[in-house]
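Asker:
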Amino acid sequence: MVWGLVPADALRGAQKYYILAPGTYKVGRKDCDIIVQMDPSVSRLHAEIVVDQMISSMILNAGSTKSNSHVRIRDSSKFGTFVKKELGPKARLRQGEEATLIEGDIVTFGTGNASFRFCCVPFRIFIHRPMRGQLRSIQSIASSIGATVTSNWSTECTHTLVNESSLVTTELIEAILAKQLVILVHWFEVLAEKNICTEFPSCTAYLPNLNLEDNMVRIVDPKIRENCLDGYLFVLGSCHEYKFGDKLQLLLEMIGAKFVGADEYLLDSQTSTVKENNQVVLVVSGESTSEFNNSRKFSSLSRISDVKLMVAILSGNLDSSLIEVPSIVISSSHSTDETIVADSDVETDTALSTQAGTNIKSETAKDNDTEDDDTSGKREDEEHVKNSDVEETANCMPMPIEEDVILIRKFDKSDASDIGRHENSDILYSQDLIVRNTIASVQPISSKASSVNFKCFRKRETVSGNSFRDLIPFSKDPYKESEHGRDESDYMRDERKRKKLEAIAEEMFNSEKLKKRAAASTSLEAFLARC
40 MVWGLVPADA LRGAQKYYIL APGTYKVGRK DCDIIVQMDP SVSRLHAEIV
90 VDQMISSMIL NAGSTKSNSH VRIRDSSKFG TFVKKELGPK ARLRQGEEAT
140 LIEGDIVTFG TGNASFRFCC VPFRIFIHRP MRGQLRSIQS IASSIGATVT
190 SNWSTECTHT LVNESSLVTT ELIEAILAKQ LVILVHWFEV LAEKNICTEF
240 PSCTAYLPNL NLEDNMVRIV DPKIRENCLD GYLFVLGSCH EYKFGDKLQL
290 LLEMIGAKFV GADEYLLDSQ TSTVKENNQV VLVVSGESTS EFNNSRKFSS
340 LSRISDVKLM VAILSGNLDS SLIEVPSIVI SSSHSTDETI VADSDVETDT
390 ALSTQAGTNI KSETAKDNDT EDDDTSGKRE DEEHVKNSDV EETANCMPMP
440 IEEDVILIRK FDKSDASDIG RHENSDILYS QDLIVRNTIA SVQPISSKAS
490 SVNFKCFRKR ETVSGNSFRD LIPFSKDPYK ESEHGRDESD YMRDERKRKK
540 LEAIAEEMFN SEKLKKRAAA STSLEAFLAR C
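According to our numbering, the sequence shown is numbered sequentially starting from 40.
Here you go:
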């Protein structure tokens, strides 16, 4: 148990003090263990607090030893020290006098308002899964400050200590439900090294990483967990299906998350408002999901396993990657209507394309009427045979069933006149099932269909805008490398003539230049000879 001096009133400059080890602690205005500067009547060395022994809270609460705290106060000032018991008047201690302090006493230094409450701070340590020999060492450290250590969780525990990468168990979840901060064992060792302090070491530097089903979880402060799951509505199944049972629901309640049971979710009237404002997520067990296979409503929901949701709660953050997006279900928009496959548009388009090809061939045949009569007659016979083959192929083409695009037309059950007409349809589409009529016969594809040349639909007389004739206007036939037999245009003749004139002019210029150089060299030799 740790002793504490807590300001009785919210005074400016007043601080709390915690005594963690036996010894003598000076109280005064300057250069003391406990600094009191709220009252000018406080001496530089005003009093001394003597701690003979650190005892646990369990011993203190015993009736026979409640009055023996092993803590005394001795006055060393001019204006005195006042001690007010819980029952009784305020007693003044003069210089050299001392009194025993117990929990709840009010100590006033000087004649002013520098009053402190003497109280105990209980320390009952729960150490989770200690390593071999670690429990004994922690107990020895705890005895020096009057704390008690246990390896079994109970509601009387005040602190929870764990080792790094420790496994998450039910006891640890119960400690978190009690809103206790889970910290590393090293924090307690650092605390025990101090004799007196104004505040305990910060726990943020000693937050552990725990192991939950091979998922490393960074434990956070309980305040950070609050409202960390806003914007979600969780649908829970039976508690016994989850790893930690009803602890998951209790954790969701603790952090203020929204959740409903699976049966309650099916009643739209009760949860419709909540659904509109939150993303609905189905919480499934990591081992089995058969519980939610009976209803179609659950198949369209996003899913998260109970272990991953527990990871999000302990870490204070739900990562969107932990949520599984539902599979896309393709179904009819009306559950009570049936649809049937009508005649395909592909068959109609094929017939139209065949007719277009026939027209092109007939136009080509008309343009060649100026040829020999025997050749023309033979071409007309071949054209007649091809047209008949194409028409027969279009009539024998079966209705596409799976690979081609199909036209789906809504069929109303109430229309009794159409029932007989659709009895022999190949495929029936419904909300849950696709039924194939295996009795319906499929007409065989004619072997002549493979002989259809679909290139006949192409317009051969269309001239491209990117032809060589447009890009190189002076080239009549760009694929011929030789100029023999090609008709020259006026532009080409003028260009050839211009290049010849340029060559003649350049040759005359170079020859004139050589003559001037020769004359200059001759005159220089003559001048040198005369000299």
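Backbone N, C-alpha and C define an ideal beta-carbon position, used for all residues, glycine too.
With a Cβ-Cβ cutoff of 8 Å, do leucine 290 and leucine 216 count as a contact?
Answerer: For leucine 290 and leucine 216, yes; Cβs fall inside 8 Å.
Asker: Tell me the rounded alpha-carbon separation between cysteine 242 and glycine 185.
Answerer: Approximately 21 Å between the Cα atoms of the pair.
Asker: With a threshold of 16 other CB atoms inside 10 Å of the CB of valine 350, please say whether the residue is buried or exposed.
Answerer: Buried, by the Cβ-count rule.
Asker: Please look up how many angstroms separate the CB atoms of valine 320 and tyrosine 271, rounded, as I've assumed it's under 8 Å.
Answerer: Yes, they are in contact, since the Cβ atoms of valine 320 and tyrosine 271 sit about 6 Å apart, within 8 Å.
Asker: Between lysine 55 and leucine 84, which are expected to be in contact by the criterion C-beta below 8 Å, what is the C-beta distance as a whole number of angstroms?
Answerer: With 8 Å as the limit, lysine 55 and leucine 84 do not qualify as a contact, their Cβ atoms being about 21 Å apart.
Asker: Can the beta-carbon of phenylalanine 157 be found less than 8 Å from the beta-carbon of leucine 44?
Answerer: Yes, Cβ-Cβ distance for phenylalanine 157 and leucine 44 is below 8 Å.
Asker: Taking only three categories from DSSP, how would you classify aspartate 91?
Answerer: Residue state, collapsed to three classes: coil.
Asker: Which of the three DSSP states is assigned to arginine 556 in this structure?
Answerer: Correct three-state label for arginine 556: helix.
Asker: If you measure between the beta carbons of asparagine 266 and valine 346, is that distance less than 8 Å?
Answerer: Against a cut-off of 8 Å, the Cβ pair of valine 346 and asparagine 266 comes out as no contact.
Asker: Assign threonine 243 to one of three DSSP states: helix, strand, or coil.
Answerer: Residue state, collapsed to three classes: helix.
Asker: Following a CB-centred definition, is glycine 355 positioned closer than 7 Å to any heavy atom of the ligand MN?
Answerer: The model depicted lacks the ligand MN and carries no ligand whatsoever.
Asker: Do the region 162-176 and the region 200-215 meet, that is, are 3 or more Cβ pairs less than 8 Å apart?
Answerer: A contact exists between the region 162-176 and the region 200-215.
Asker: Below 8 Å on the Cβ atoms is my guess for isoleucine 258 versus proline 247; work out the distance and round it to an integer in Å.
Answerer: Isoleucine 258 to proline 247, Cβ: 6 Å. Contact.
Asker: Have a look at the DSSP bridge pairing and note the partners of cysteine 158.
Answerer: In DSSP, cysteine 158 forms a bridge with Gly43.
Asker: Just curious, the alpha helix (DSSP H) that glutamate 213 is in, first and last residue?
Answerer: Start and end: 209-216.
Asker: Go through its chain and collect everything with a Cβ distance to glutamate 228's Cβ below 7 Å, but skip five positions before and after it.
Answerer: So the qualifying residues of the chain are Ile180.
Asker: In this structure, how does DSSP classify tyrosine 271 when only helix, strand and coil are distinguished?
Answerer: Three-state DSSP puts tyrosine 271 in a strand.
Asker: Check the DSSP bridge columns for glutamate 363 and list the partner residues they point to.
Answerer: Paired residues: Arg342.
Asker: With distance defined between alpha-carbon atoms, name the residue in Glu252, Glu195, Thr194 and Val41 nearest to serine 324.
Answerer: Of the listed residues, the one whose Cα sits closest to serine 324 is Glu252.
Asker: I need the straight-line Cα distance from valine 122 to threonine 150, nearest angstrom please.
Answerer: Answer to the nearest angstrom: the Cα atoms are 12 Å apart.
Asker: Within a Cβ cutoff of 6 Å, which residues of the same chain sit near serine 154, ignoring the five residues on either side of it in sequence?
Answerer: So the list reads Ala47, Ile145 and Thr147, once near-sequence residues are dropped.
Asker: Can you tell which of Ile362, Ile352, Arg335 and Gly172 has the C-alpha that lies nearest to the C-alpha of serine 344?
Answerer: Of the listed residues, the one whose Cα sits closest to serine 344 is Ile362.
Asker: Taking 8 Å as the threshold (C-beta atoms), are isoleucine 294 and leucine 268 in contact?
Answerer: Closer than 8 Å, so yes.
Asker: Please confirm whether cysteine 196 and methionine 40 have their CB atoms less than 8 Å apart.
Answerer: Contact: no.
Asker: What do you get for alanine 559, buried or exposed, if any count of 16 or more other CB atoms within 10 angstroms of its CB means buried?
Answerer: Counting Cβ neighbours within 10 Å, alanine 559 comes out exposed, since fewer than 16 surround it.
Asker: Can you tell me the Cα-Cα spacing of glutamate 303 and arginine 264, whole angstroms?
Answerer: Their Cα atoms are separated by approximately 26 Å.
Asker: State buried or exposed for serine 528, treating a residue as buried only when at least 16 other CB atoms are found within 10 Å of its CB.
Answerer: Exposed, because fewer than 16 other Cβ atoms sit within 10 Å of the Cβ of serine 528.
Asker: Could you tell me whether the Cβ atoms of valine 90 and glycine 67 are closer together than 8 Å?
Answerer: No, the Cβ-Cβ distance between valine 90 and glycine 67 is not below 8 Å.
Asker: Does the distance from the C-beta atom of serine 205 to that of leucine 249 stay below 8 Å?
Answerer: Their beta carbons are under 8 Å apart, which means serine 205 touches leucine 249 by this criterion.
Asker: Looking only at DSSP bridge pairs, what is alanine 86 linked to?
Answerer: Answer is Val66 and Asp114.
Asker: Could you tell me how far apart the beta carbons of lysine 297 and proline 261 are, in whole angstroms, since I believe they sit closer than 8 Å?
Answerer: Not a contact, Cβ separation roughly 19 Å.
Asker: Which residue's Cα is closest to the Cα of valine 110: Ser562, Phe337 and Trp42?
Answerer: Residue Trp42 is the option with its Cα nearest to valine 110.
Asker: Would alanine 60 and serine 183 be called neighbours here (beta carbons separated by less than 8 Å)?
Answerer: Cβ distance < 8 Å, so alanine 60 and serine 183 count as in contact.
Asker: Hey, how far is the Cα of valine 81 from the Cα of tyrosine 245?
Answerer: Their backbone Cα atoms lie some 39 Å apart in a straight line.
Asker: Rounded to the nearest angstrom, what separates serine 72 and isoleucine 164 at their Cα positions?
Answerer: Position check: residue 72 holds aspartate in this sequence, whereas serine was assumed. Taking the straight line from one Cα to the other gives about 27 Å.
Asker: In the DSSP assignment, the beta strand (DSSP E) including lysine 123 goes from what residue to what residue?
Answerer: Per DSSP, lysine 123 belongs to the beta strand (DSSP E) from 120-123.
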